[in-house]
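Following: one structure in structure tokens, then a few remarks.
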Amino acid sequence: MSTSDILENLRSRILSGYTLLFLKSWEEDRWENELAQLALEMEWGLVTWSATTGPQPPISMDEGETGHDPQNFFDQIALYPPQHVFLMKDLAPHLENPDVLRKLRDIIPDLADQQKILLCLGPDADIPMALQKEAVQIELPLPGSEELREVVQNVFGHEEPNAAVPLELKPDEEERVVKSLLGLTVREARKALTRALYGHNSFNDEIIVSLVSEKKRMVQGSDLVEFYELDEGVRDIGGLEMLKEWMTQRSEAFSSRAREKGVPVPKGVLLLGVQGCGKSLTCRATARLLGFPLVRLDVSSLLSSDRGSSEKNMRDVLHLMETIAPAVLWLDEIEKGFAGSDQSADYDSTMSRLMGRFLTWMDERHAPVFVVATANSVKSLPPELLRRGRFDELFFIDLPNYYERKQILEVHLVKRGWKPEKFDINNLAERTEGYSGAELEQIIVSAMLDSYGKGQILSQKALDDARENTVPLSVTMEEKIFELREWARTRCRPATPDSRVMQMMDEENRRDEEAAAERAAAHREEWQMLAEHGQYPAAFAEFVRLKKSVHYHELEEAFAEYMTTAGDQGLALRSDPNTVLWVGLSPDVAGTLVKLIAEKKLYVHEVDPDIAESTPKKPKLPTVRGLSEERLARPCWLPTVLCAYAPEEVNPRLSRVARMKLSN
Ligand code: ATP
Numbered sequence: 044m045s046t047s048d049i050l051e052n053l054r055s056r057i058l059s060g061y062t063l064l065f066l067k068s069w070e071e072d073r074w075e076n077e078l079a080q081l082a083l084e085m086e087w088g089l090v091t092w093s094a095t096t097g098p099q100p101p102i103s104m105d106e107g108e109t110g111h112d113p114q115n116f117f118d119q120i121a122l123y124p125p126q127h128v129f130l131m132k133d134l135a136p137h138l139e140n141p142d143v144l145r146k147l148r149d150i151i152p153d154l155a156d157q158q159k160i161l162l163c164l165g166p167d168a169d170i171p172m173a174l175q176k177e178a179v180q181i182e183l184p185l186p187g188s189e190e191l192r193e194v195v196q197n198v199f200g201h202e203e204p205n206a207a208v209p210l211e212l213k214p215d216e217e218e219r220v221v222k223s224l225l226g227l228t229v230r231e232a233r234k235a236l237t238r239a240l241y242g243h244n245s246f247n248d249e250i251i252v253s254l255v256s257e258k259k260r261m262v263q264g265s266d267l268v269e270f271y272e273l274d275e276g277v278r279d280i281g282g283l284e285m286l287k288e289w290m291t292q293r294s295e296a297f298s299s300r301a302r303e304k305g306v307p308v309p310k311g312v313l314l315l316g317v318q319g320c321g322k323s324l325t326c327r328a329t330a331r332l333l334g335f336p337l338v339r340l341d342v343s344s345l346l347s348s349d350r351g352s353s354e355k356n357m358r359d360v361l362h363l364m365e366t367i368a369p370a371v372l373w374l375d376e377i378e379k380g381f382a383g384s385d386q387s388a389d390y391d392s393t394m395s396r397l398m399g400r401f402l403t404w405m406d407e408r409h410a411p412v413f414v415v416a417t418a419n420s421v422k423s424l425p426p427e428l429l430r431r432g433r434f435d436e437l438f439f440i441d442l443p444n445y446y447e448r449k450q451i452l453e454v455h456l457v458k459r460g461w462k463p464e465k466f467d468i469n470n471l472a473e474r475t476e477g478y479s480g481a482e483l484e485q486i487i488v489s490a491m492l493d494s495y496g497k498g499q500i501l502s503q504k505a506l507d508d509a510r511e512n513t514v515p516l517s518v519t520m521e522e523k524i525f526e527l528r529e530w531a532r533t534r535c536r537p538a539t540p541d542s543r544v545m546q547m548m549d550e551e552n553r554r555d556e557e558a559a560a561e562r563a564a565a566h567r568e569e570w571q572m573l574a575e576h577g578q579y580p581a582a583f584a585e586f587v588r589l590k591k592s593v594h595y596h597e598l599e600e601a602f603a604e605y606m607t608t609a610g611d612q613g614l615a616l617r618s619d620p621n622t623v624l625w626v627g628l629s630p631d632v633a634g635t636l637v638k639l640i641a642e643k644k645l646y647v648h649e650v651d652p653d654i655a656e657s658t659p660k661k662p663k664l665p666t667v668r669g670l671s672e673e674r675l676a677r678p679c680w681l682p683t684v685l686c687a688y689a690p691e692e693v694n695p696r697l698s699r700v701a702r703m704k705l706s707n
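Here it is as structure tokens:
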């Protein structure tokens, strides 16, 4: 229920003569404001009471009748005129006193006639047994998207005193931030957001991760579930292209745009597969992709005798999930939890009740909780769990094929700071058929440790040795894997495209890369070929055209392989030989440049003298800040570069350059 639904509900109860409501909420400030606004709209009076302030506004200030004491306040209620709402904060502990409770019961019958209602607000607003017949308890909702959007806009718009730099948010980014704050109170959301923004001057994924981790506190009280930090993203998964694509598509369906169009909220996915092939990793990456907290439930832990009744445990977990929603609920190794067992009939019947409860919740829940269940085997999985429509999709994750092995090896090398192109990944991928993702990662880790132990850096040989020493699990589990594949063949969607498709994709990528390399080589070769053939003017012009803007020292370095570039010649303006452009060139280079500039094949462009101060090998002359109209009294350096196009404002003096003896 949204805030406005609840206010409407309260309005109708007040008008229809309810006299006592217990309102459960942690957000005293927000609800006090909302209720004050409601009373104002209804043209009713509002009196707030707490043991520290007494009634506000007070009605009697007689000695000893300040109303701080709840019994005393109950007496005063009759003195207020009709049509009043009495909002009492933290009354619950006082009701443990039998005298207070009795007094309250005494006044209740008269309240309806006087058009008065008592609202008890607090986090522990449970109704005492003696009041069960007179009172109603209402759980006040946490702020919804609209209230949180306001917080986000205030914090991002710098209207909050502690806010960090104001950041621009695109609509989809705002939506992600709002979504990640759902489940927090306004005050918590404001604090979390201000903290998450600290040190960031643009929107990024880390902000979402930090907001989500703020919800950790909410699950901390429960020992039935475990909260996971969102450290891994989709780019940490090698292969599994179809699964990644499906997840990315589904994540769109959580947006408000999708809600407006009536797109149903995705329910969840079952990931079935070979051990160590990335089921858990996919689950973690999904939560990060969605920007939701990830909470893992070990189903078998619900049964622990020291945790009380298993059904209550299940109820608590599902309630917790709805509180922190939107969220991802991860049911790990579901086959071990919900499966039938050979333990006892009692165990089996409890489990099937638990599963029934869970499945009903999956069908009926309204809160956006995306369930990811993972399983290594299907043998003992109850068929009702696998029924079509229960999960949005069942995916089968097989051992990685050649192309996926390449990607997985690359992911893990990059993760540890190694450049994959320095190793023969193709060869390693070819020789690791039957290895799982976890085993491929292990090869890299062992090779790094061995190399470090020997005081060497990671080498191909170390990787090959580590591979030889790792026996893949698939060797011993061949039969099980075969069975799993057979079962999944007709029932699940593969997480990986057919390896022929991957081969085509790989070849296409390779062709693209080769073409790009060829294009780059073609350009390079043209000026190089010209230089090799002694065609220096054409080579210079082509080199400058390719680089767009070239400094004299870059030209010297590039052509040093083909000609002598250093010498005692320099370039200066014909109109003022004291305006020096460059020094220390060979006669060939200086002469060629003078000619190209005169023929307007190259142009001299002035550059910012401040930037030019860091130019390597710059002339040991004072720098002149801009081209002077008058002749300089002594040689100075005018910072310039060479371009193949004319400057916006052509200065004829810059297109007449002379060479002269000028070494550094
Ligand atoms: P289990 O059934 O044993 O729980 P699993 O299928 O859940 O296994 P993960 O726990 O996800 O496998 O894999 C273990 C580790 O292996 C991951 O944390 C990751 O580092 C690596 N790994 C596995 N598959 C992949 C993959 N496709 N891409 C990148 N890394 C992978």
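In my numbering, the protein residues as written are 44 to 707.
The C-beta atom is built at its ideal place from N, Cα and C for all residues, glycine as well.
Please return the same chain residues whose Cβ sits closer than 7 Å to the Cβ of K379, not counting the five positions on each side in sequence. Locating residue 379 in the sequence shown gives position 336, counting from the first residue. Within the same chain, K379 has close Cβ partners S343.
Are the beta-carbon atoms of A410 and E354 separated by less than 8 Å? Along the sequence shown, one-based indexing puts residue 410 at 367. Along the sequence shown, one-based indexing puts residue 354 at 311. Contact flag unset, no.
Between the region 665-683 and the region 605-621, can you find at least three pairs of beta-carbon atoms closer than 8 Å? yes
Local Cβ density within 10 Å of K663, reported as buried at 16 or more and exposed below that: For the purposes of this step, residue 663 is identified with residue 620 of the sequence shown, where counting begins at 1. Exposed is the call here.
Flag this pair as yes or no: are the beta carbons of E580 and L628 separated by less than 8 Å? Residue numbering aside, residue 580 sits at position 537 when the sequence shown is read from its first letter. Residue numbering aside, residue 628 sits at position 585 when the sequence shown is read from its first letter. Checking the sequence shown, residue 580 turns out to be Pro, not Glu. No, the pair does not count as a contact, with Cβ atoms beyond the cut-off.
Taking the alpha-carbon of V414 as reference, which of F129, R459, W461, P336 has the nearest alpha-carbon? Locating residue 414 in the sequence shown gives position 371, counting from the first residue. When each option's Cα is compared against that of V414, the closest is P336.
Have a look at R433, V700, P537 and flag the residue whose alpha-carbon is nearest the alpha-carbon of G282. Your numbering for residue 282 matches position 239 in the sequence shown. Measuring from the Cα of G282, the nearest candidate turns out to be P537.
What do you reckon, is the C-beta of D274 under 7 Å from a heavy atom of the ligand ATP? Residue numbering aside, residue 274 sits at position 231 when the sequence shown is read from its first letter. No - the ligand ATP has no heavy atom lying nearer than 7 Å to the Cβ of D274.
Cβ of D72 within 7 Å of any heavy atom in the ligand ATP? Here residue 72 corresponds to residue number 29 of the sequence shown, with the count starting at 1. No heavy atom of the ligand ATP is found nearer than 7 Å to the CB of D72.
Flag this pair as yes or no: are the beta carbons of V198 and L236 separated by less than 8 Å? In the sequence shown, counting from the first residue as 1, residue 198 sits at position 155. In the sequence shown, counting from the first residue as 1, residue 236 sits at position 193. For V198 and L236, yes; Cβs fall inside 8 Å.
Separation of A330 from N205, as counted between CA atoms: Numbered from 1 along the sequence shown, position 162 holds the residue referred to as residue 205. Numbered from 1 along the sequence shown, position 287 holds the residue referred to as residue 330. Bear in mind that a pLDDT of 48 at N205, under 50, signals an unreliable position, so the number given afterwards is only what the model happens to contain. Each residue's alpha carbon lies about 29 Å from the other.
Going by DSSP, what residues sit across from Q99 in a beta bridge? Your numbering for residue 99 matches position 56 in the sequence shown. DSSP lists T91 as partners of Q99.
Relative to the ligand ATP, is the shortest distance from any of its heavy atoms to the C-beta of N419 smaller than 7 Å? In the sequence shown, residue 419 corresponds to position 376, counting from 1. Within the cutoff, so yes.
Residues sharing a beta bridge with W69, DSSP: Here residue 69 is taken as the residue at index 26 of the sequence shown, counted from 1. Note: W69 sits in no beta bridge, so no partner.
Strictly by DSSP, which residues pair up with S29? Here the chain comprises residues numbered 44 to 707, so residue 29 is not present and cannot be evaluated.
Beta carbon of A481: closer than 7 Å to some heavy atom of the ligand ATP? The residue you call residue 481 lines up with position 438 of the sequence shown. Checking the 7 Å criterion, the Cβ of A481 is within range of a heavy atom belonging to the ligand ATP.
Output needed for A505: all residues of its chain with C-beta closer than 7 Å, excluding positions within five of it in sequence on either side, in chain order. To locate residue 505, count along the sequence shown from 1; it is residue 462. Correct list, in chain order: A490, D493, S494.
Quick check: what's the CA-CA separation for E569 versus D611? Position 526 of the sequence shown, counting from 1, holds the residue named residue 569. Position 568 of the sequence shown, counting from 1, holds the residue named residue 611. Distance between the alpha carbons of E569 and D611 is about 29 Å.
Given a threshold of 16 other Cβ atoms within 10 Å of its Cβ, counted over all protein chains shown, does F525 qualify as buried or as exposed? Taking the sequence shown and counting its residues from 1, the one referred to as residue 525 is at position 482. Exposed is the call here.
Suppose contacts are defined by Cβ-Cβ distances below 8 Å. Is L729 in contact with T393 by that definition? Limits of the chain in this structure are 44 at one end and 707 at the other, which puts residue 729 out of reach.
Please state whether DSSP places H127 in a helix, a strand or coil. Locating residue 127 in the sequence shown gives position 84, counting from the first residue. Note: H127 maps to strand in three-state DSSP.
Uninterrupted beta strand (DSSP E) stretches inside the region 266-320 (no shorter than 3 residues): 268-271, 311-316
Where the beta strand (DSSP E) through G165 begins and ends: Indexing the sequence shown from 1 puts residue 165 at position 122. G165 -> beta strand (DSSP E) spans 159-165.
Which residue wins for smallest C-alpha separation from R474, given the options S294, P443, L456? Mapped onto the sequence shown, residue 474 falls at position 431. Among S294, P443, L456, the Cα nearest to that of R474 belongs to P443.
Closer than 7 Å: V650 CB and nearest the ligand ATP heavy atom: Position 607 of the sequence shown, counted from the start, is the residue given in the question as residue 650. It does not: the Cβ of V650 is nowhere closer than 7 Å to a heavy atom of the ligand ATP.
DSSP on H648, reduced to helix/strand/coil? Stepping through the sequence shown from its first residue, residue 648 is reached at position 605. Strand at H648.
Check this for me: beta carbons of F438 and L315, under 8 Å apart or not? Taking the sequence shown and counting its residues from 1, the one referred to as residue 438 is at position 395. Taking the sequence shown and counting its residues from 1, the one referred to as residue 315 is at position 272. Yes; because the gap between Cβ atoms is below 8 Å, this pair is in contact.
If you run the structure through DSSP and keep just helix, strand and coil, what is L624? Reading the sequence shown from its first residue, position 581 is the one you call residue 624. Strand.
Who does L614 pair with in a DSSP beta bridge? Against the sequence shown, residue 614 aligns to sequence position 571. For L614, which the question treats as bridged, DSSP gives the partners W625, R702.
Is the closest heavy atom of the ligand ATP to the C-beta of E526 under 7 Å? Counted from its first residue, the sequence shown places residue 526 at position 483. In this structure, E526 has its beta carbon at no less than 7 Å from each heavy atom of the ligand ATP.
If the criterion is Cβ atoms closer than 8 Å, does the pair A416 and I377 meet it? Your numbering for residue 416 matches position 373 in the sequence shown. Your numbering for residue 377 matches position 334 in the sequence shown. Taking 8 Å as the Cβ cut-off, A416 and I377 qualify as a contacting pair.
Given a threshold of 16 other Cβ atoms within 10 Å of its Cβ, counted over all protein chains shown, does Q119 qualify as buried or as exposed? By one-based count along the sequence shown, residue 119 stands at place 76. Counting C-beta atoms within 10 angstroms of its own C-beta, Q119 has 16 or more neighbours from the protein chains shown and is therefore classed as buried.
Using 8 Å as the threshold, is the region 218-232 in touch with the region 76-83, meaning 3 or more CB pairs across them? no
Can you tell me whether A689 is buried or exposed? The criterion is at least 16 other CB atoms within 10 Å of its CB, across all chains shown. Position 646 of the sequence shown, counting from 1, holds the residue named residue 689. When all chains shown are included, A689 counts as exposed.
Comparing alpha-carbon positions, which option in P682, H362, G634 lies nearest D653? The sequence position of residue 653 within the sequence shown is 610, counting from 1. Nearest option by C-alpha distance: P682.
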